[in-house]
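Report on the structure given below.
Numbering (the working numbering), first residue to last: 31 to 359.
This is the structure we're talking about:
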């Protein structure tokens with residue numbers, strides 16, 4: 031592609047490396063005319079590239095190059111066009127933060143050097159210019175072709191990579207970038223979510239092994255009013271009271287916390303217990319109208335008789351016997 035001005039004065043080297051400054055030569059810094067001519071070349075080549083790829087709008091322009099941290103390698107042939115030179119093509123690269131999938135389908139967060147646009151003028155294709163551009167970029171960036179990602183490569187570009195660099199086995203991705211099998215070799219990606227031996231990952235960090243045991247211990251609380259959580263429901267065994275020498279024990283399944291003895295908890299045995307046991311209870315322990323016993327089915331409650339109600343029949347019998355004895359005398 032030729033222009034009405036001398037390209038050799040704007041681009042002194044065969045391959046010029048351009049960035050956001052749009053200056054290929056040091057002496058061109060601060061010269062508006064040189065920057066305008068550079069912008070014109072980039073814009074015209076960008077339009078030709080978009081047309082060749084049937085894109086709705088150019089993806090390469092001087093304004094885009096100034097707004098991003100990209101690098102554009104521009105190749106010229108200084109002997110053509112009567113010694114004024116022609117623009118052969120360009121290769122644009124830049125670093126992109128990508129989330130990719132490796133061969134196992136694991137997510138990898140990386141920021142590789144990406145080929146963003148590659149174009150050689152149609153009339154100068156198949157002359158080795160494209161390979162010359164690509165080799166120059168690889169040496170300048172000190173990178174291998176399989177270590178790069180390629181943004182929406184055309185079928186011609188994929189054939190170019192396979193022919194010259196033997197890149198033909200790509201790893202499928204969910205975005206527009208193409209990477210090949212060698213991309214993930216010796217490359218550290220983002221670590222996957224940590225998983226504990228229980229297969230869980232807590233909201234604030236890994237779940238401890240003893241977390242389930244601690245929770246189970248909290249669920250087995252025994253309350254002071256004679257009740258406990260019936261976590262087993264109707265399938266659980268009934269809680270039996272067995273008074274023995276002023277103390278009782280509660281049968282429970284394995285893993286239940288130790289239960290206090292009967293007198294210490296304030297429970298009163300059934301009327302079948304010995305009188306010595308009932309008389310040994312203190313007055314404060316005789317107010318048991320609120321005490322309940324677990325039945326054998328579910329968690330229903332049955333009121334226990336208070337000691338006052340248990341001793342009433344015996345007290346009445348003793349008074350009647352005293353009156354009969356007095357009248358007989």
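All residues carry an ideal CB built from backbone N, CA and C; glycine is no exception.
Provide the residue span of the alpha helix (DSSP H) that contains residue 138, from first to last. What you label residue 138 is simply residue 108 of the chain shown in a count that begins at 1. That residue, residue 138, is in no alpha helix (DSSP H); its beta strand (DSSP E) goes 137-140.
Using the Cα positions of residue 113 and residue 65, report the straight-line distance between them to the nearest angstrom. In the chain shown, counting from the first residue as 1, residue 113 sits at position 83. In the chain shown, counting from the first residue as 1, residue 65 sits at position 35. So the two alpha carbons sit approximately 21 Å from each other.
Best match in 178, 193, 210 and 147 for proximity to residue 83 [C-alpha to C-alpha]: The sequence position of residue 83 within the chain shown is 53, counting from 1. When only C-alpha atoms are compared, the closest one is 147.
Pull up the CB-CB distance for residue 121 and residue 167, whole angstroms please, since I reckon it's below 8 Å. Looking up residue 121 in the chain shown gives position 91. Looking up residue 167 in the chain shown gives position 137. Correct: roughly 6 Å between the Cβ atoms.
Spatial neighbours of residue 91 in its chain, beta-carbon cut-off 6 Å, leaving aside the 5 residues before and after: Within the chain shown, numbered from 1, the residue matching residue 91 stands at position 61. So the qualifying residues of the chain are 73 and 76.
Is residue 48 helix, strand or coil when you go by DSSP? What you label residue 48 is simply residue 18 of the chain shown in a count that begins at 1. If DSSP states are grouped into helix, strand and coil, residue 48 belongs with the strands.
Could you tell me the boundaries of the beta strand (DSSP E) in which residue 76 lies? Taking the chain shown and counting its residues from 1, the one referred to as residue 76 is at position 46. Unbroken run through residue 76 is the alpha helix (DSSP H), 62-82; no beta strand (DSSP E).
Confirm the yes/no value for this check: CB of residue 41, any heavy atom of the ligand HEM, distance under 7 Å. For the ligand HEM, the structure offers nothing, since it holds no ligand at all.
If I follow the unbroken alpha helix (DSSP H) through residue 194, where does it start and stop? Looking up residue 194 in the chain shown gives position 164. Where residue 194 is concerned, the enclosing alpha helix (DSSP H) stretches over 185-195.
Please name the residue in 33, 43 and 214 whose C-alpha comes closest to that of residue 137. Your numbering for residue 137 matches position 107 in the chain shown. Minimum Cα distance to residue 137 is reached at 214.
Using a Cβ-Cβ cut-off of 7 Å (strictly less than) and excluding sequence neighbours within five positions of residue 129, which residues of its own chain qualify? Position 99 of the chain shown holds residue 129. Around residue 129: 137 and 139.
Mapping DSSP to helix, strand and coil, what is residue 171? Here the question's residue 171 lines up with position 141 in the chain shown. Helix, per DSSP.
For residue 161 versus residue 103, is the C-beta spacing smaller than 8 Å? Here residue 161 corresponds to residue number 131 of the chain shown, with the count starting at 1. Here residue 103 corresponds to residue number 73 of the chain shown, with the count starting at 1. Contact: no.
With DSSP as the reference, label residue 310 as helix, strand or coil. Indexing the chain shown from 1 puts residue 310 at position 280. The pLDDT assigned to residue 310 is 43, lower than 50, so where the model puts this residue is not dependable; a value taken from the coordinates is nonetheless given after this. The answer is coil: DSSP assigns residue 310 none of H, G, I, E or B.
Looking at the unbroken alpha helix (DSSP H) that takes in residue 93, where does it start and where does it end? The residue given as residue 93 occupies position 63 in the chain shown. Residues 92-97.
Counted within 10 angstroms of its Cβ, other Cβ atoms place residue 34 as buried (16 or more) or exposed: As a working note, residue 34 is residue 4 in the chain shown. Residue 34 is exposed by the Cβ-count criterion.
Counting only the same chain and skipping the five closest in sequence on each side, list residues whose C-beta sits under 7 Å from that of residue 197. Your numbering for residue 197 matches position 167 in the chain shown. Counting only Cβ-Cβ distances below 7 Å, and skipping sequence neighbours, we find 175, 176, 191 and 210.
Expressed to the nearest angstrom, what Euclidean distance is found between the alpha-carbon atoms of residue 151 and residue 32? Sequence index remark: in the chain shown, residue 151 carries index 121 (1-based). Sequence index remark: in the chain shown, residue 32 carries index 2 (1-based). Taking the straight line joining both Cα atoms gives about 11 Å.
What do you get for residue 67, buried or exposed, if any count of 16 or more other CB atoms within 10 angstroms of its CB means buried? As a working note, residue 67 is residue 37 in the chain shown. Counting Cβ neighbours within 10 Å, residue 67 comes out buried, since at least 16 surround it.
At which residues does the alpha helix (DSSP H) containing residue 131 begin and terminate? Translated into the one-based positions of the chain shown, residue 131 becomes position 101. Where residue 131 is concerned, there is no enclosing alpha helix (DSSP H), although the beta strand (DSSP E) it sits in stretches over 128-131.
If you draw a straight line from the alpha carbon of residue 142 to that of residue 180, how long is it in whole angstroms? Position 112 of the chain shown, counted from the first residue, corresponds to residue 142. Position 150 of the chain shown, counted from the first residue, corresponds to residue 180. Each residue's Cα considered, the two are about 10 Å apart.
Using three-state DSSP, classify residue 100 as helix, strand or coil. Working through the chain shown from its first residue, we reach residue 100 at position 70. Correct three-state label for residue 100: strand.
Since I believe residue 124 is in contact with residue 99 (beta carbons under 8 Å), could you give me their beta-carbon distance rounded to a whole number of angstroms? Translated into positions along the chain shown, residue 99 becomes position 69. Translated into positions along the chain shown, residue 124 becomes position 94. Correct: roughly 6 Å between the Cβ atoms.
Can you give me the C-alpha to C-alpha distance between residue 144 and residue 208, rounded to a whole angstrom? Sequence index remark: in the chain shown, residue 144 carries index 114 (1-based). Sequence index remark: in the chain shown, residue 208 carries index 178 (1-based). The straight-line gap from Cα to Cα measures roughly 10 Å.
Whole-angstrom Cβ separation of residue 115 and residue 36, contact assumed at under 8 Å? Here residue 115 refers to the residue found at position 85 when the chain shown is read from its first residue. Here residue 36 refers to the residue found at position 6 when the chain shown is read from its first residue. Going by Cβ atoms, the distance from residue 115 to residue 36 rounds to 7 Å, so yes, they are a contact pair.
Does the beta-carbon of residue 204 have 16 or more other beta-carbons within 10 angstroms, so that it is buried, or is it exposed? Taking the chain shown and counting its residues from 1, the one referred to as residue 204 is at position 174. Per the 10 Å Cβ criterion, exposed.
Leaving out five residues on either side along the sequence, give the residues of the same chain with a beta carbon under 8 Å from the beta carbon of residue 201. For the purposes of this step, residue 201 is taken as the residue at position 171 of the chain shown. Only 130, 131, 132, 133, 209, 210, 211, 213 and 214 meet the Cβ criterion.
Nearest-angstrom Cα distance between residue 178 and residue 206? Taking the chain shown and counting its residues from 1, the one referred to as residue 178 is at position 148. Taking the chain shown and counting its residues from 1, the one referred to as residue 206 is at position 176. Approximately 14 Å, taken between the alpha carbons.
Could you have a look at residue 360 and say whether DSSP puts it in helix, strand or coil? The first residue shown for the chain is 31 and the last is 359, placing residue 360 beyond what the model contains.
Own chain, CB closer than 7 Å to residue 107, minus 5 neighbours either side, in chain order: Walking along the chain shown from the start, residue 107 turns up at place 77. Excluding positions up to five away in sequence, the list reads 115, 116 and 118.
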